[in-house]
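Novice: Questions regarding the structure given below will be posed in turn.
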Amino acid sequence: MCCGLRLRCVWLLLTVLVVCCLFLPASPKAAEAAQLSCGPFAGAPSPQPRQLTRPPQRMAEIEAEASTRSFPVVFLGDSLIQLWDRQIWQRYLTGFPALNAGVGGDRTDHLLWRLENGMLDQLHPKLIVLLIGTNDLTLGRPPALVAEGVRTILLQLQKRWPQALILVEGLWPRDDRPDQRQKAEDVNALIARCAGGAVTYADFSKVLLDPSGQLLAAAYQTDKLHLRRGGYEKISPAIAEKIQQLLGPGTARGFSSS
2 MCCGLRLRCV
12 WLLLTVLVVC
22 CLFLPASPKA
32 AEAAQLSCGP
42 FAGAPSPQPR
52 QLTRPPQRMA
62 EIEAEASTRS
72 FPVVFLGDSL
82 IQLWDRQIWQ
92 RYLTGFPALN
102 AGVGGDRTDH
112 LLWRLENGML
122 DQLHPKLIVL
132 LIGTNDLTLG
142 RPPALVAEGV
152 RTILLQLQKR
162 WPQALILVEG
172 LWPRDDRPDQ
182 RQKAEDVNAL
192 IARCAGGAVT
202 YADFSKVLLD
212 PSGQLLAAAY
222 QTDKLHLRRG
232 GYEKISPAIA
242 EKIQQLLGPG
252 TARGFSSS
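Note that our numbering has the sequence shown beginning at 2, numbered continuously upward.
Okay, structure coming up:
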């Protein structure tokens, strides 16, 4: 009888523990990492490797730099990230410090493939800045498919780094053709819906446009896609300020004294 009473007490204790666990609040970060508040916008893209010489070389450069120190901030994207003027990067972003992990020519499916195949596995970023998708538009993909590529990358980032904040940028303005500008704006309208929890959306387009809404001549190269030094001078302070805001006052200062 004593053994039976003891067994019932044990079962009662276990039952109480299980019930308590069910009603414990979930970790905010875990909840944020579970899902996005947007989409799907189209069929999910298939990850695609790039079979060219330069991307592997660029990845080797990124991995080598990533091994030199801890990087609380990581920038992911295409040539708009990779070609960031080095002196301006050092002035505004080195103090966090931030790693430039942009790969020229990448589309959303390329970056997705890199993330699914071990890109930067050794890092533990506090904040990831994502700018990707303009090369998808160049390929002729519709805005919904481009936005779905970005959304799928966001899901992969949350899966790999569930504790990290994510700053997803709206596509920077490009071209003078109204149809191309509209497509970029349509992409931005869709990915803006993904904001919430650990994901922040920001559109820095205005600093690259004149009062009439046209591309700033001093900001763009002749292809009206890639930025000149003047363009990075315009956009870097705005992005650095947003990063500082997200990371909080206790983080390293983004602006260099040099």
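Every residue gets a Cβ at the ideal spot worked out from N, C-alpha and C, and that includes glycine.
Every value quoted in this text rests on a predicted model; they were computed, and no experiment measured them.
For LYS243 and ARG194, I'd like the C-alpha separation in whole angstroms.
Specialist: Taking the first residue of the sequence shown as 1, we reach residue 243 at position 242. Taking the first residue of the sequence shown as 1, we reach residue 194 at position 193. Each residue's alpha carbon lies about 19 Å from the other.
Novice: Do LEU124 and VAL75 count as a contact pair if the criterion is CB distance below 8 Å?
Specialist: Within the sequence shown, numbered from 1, the residue matching residue 75 stands at position 74. Within the sequence shown, numbered from 1, the residue matching residue 124 stands at position 123. Their beta carbons are under 8 Å apart, which means VAL75 touches LEU124 by this criterion.
Novice: Once DSSP output is grouped into helix, strand and coil, what is the label at GLY96?
Specialist: As a position in the sequence shown, residue 96 is number 95, starting the count at 1. Three-state result, GLY96: coil.
Novice: Please list the terminal residues of the continuous alpha helix (DSSP H) segment that includes THR139.
Specialist: Counting from 1 along the sequence shown, the entry for residue 139 is found at position 138. Element bounds for THR139: 135 to 139.
Novice: Per DSSP, what kind of secondary structure is PRO29 in: helix, strand or coil?
Specialist: The residue given as residue 29 occupies position 28 in the sequence shown. Per-residue confidence for PRO29 stands at a pLDDT of 41, beneath the threshold of 50, marking its modelled position as unreliable; no derived number is given.
Novice: Which of the three DSSP states, helix, strand or coil, is assigned to ALA190?
Specialist: Position 189 of the sequence shown, counted from the first residue, corresponds to residue 190. Note: ALA190 maps to helix in three-state DSSP.
Novice: Let me make sure I understand the geometry here. Which of GLY134, LEU216, ARG87, ALA61 has the alpha-carbon closest to that of GLU149?
Specialist: As a position in the sequence shown, residue 149 is number 148, starting the count at 1. Measuring from the Cα of GLU149, the nearest candidate turns out to be GLY134.
Novice: Under 8 Å by Cβ, that's how I've got LEU113 and PRO48 pegged, so tell me the actual separation to the nearest angstrom.
Specialist: As a position in the sequence shown, residue 113 is number 112, starting the count at 1. As a position in the sequence shown, residue 48 is number 47, starting the count at 1. The pair is a contact, with the Cβ atoms about 4 Å apart (cut-off 8 Å).
Novice: Within the same chain, show all residues whose beta-carbon is closer than 6 Å to that of LEU140, passing over the 5 residues directly before and after it, in chain order.
Specialist: The count along the sequence shown starts at 1 and reaches residue 140 at position 139. Excluding sequence neighbours, LEU140 sits near nothing in its chain.
Novice: Determine the DSSP secondary structure at VAL104, reduced to helix, strand or coil.
Specialist: Your numbering for residue 104 matches position 103 in the sequence shown. Looking at VAL104 - three-state DSSP - the assignment turns out to be coil, as it is neither helix nor strand.
Novice: Please name the residue or residues paired with TYR202 in a DSSP beta bridge.
Specialist: Stepping through the sequence shown from its first residue, residue 202 is reached at position 201. According to DSSP, which records beta bridges pairwise, TYR202 is partnered with VAL169.
Novice: Which residues in the same chain have their Cβ closer than 6 Å to the Cβ of GLY205, if we skip the five residues on either side of it in sequence?
Specialist: Counting from 1 along the sequence shown, the entry for residue 205 is found at position 204. It should be pointed out that residue 205 corresponds to Phe in this sequence rather than to Gly. Correct list, in chain order: ILE236, ALA239.
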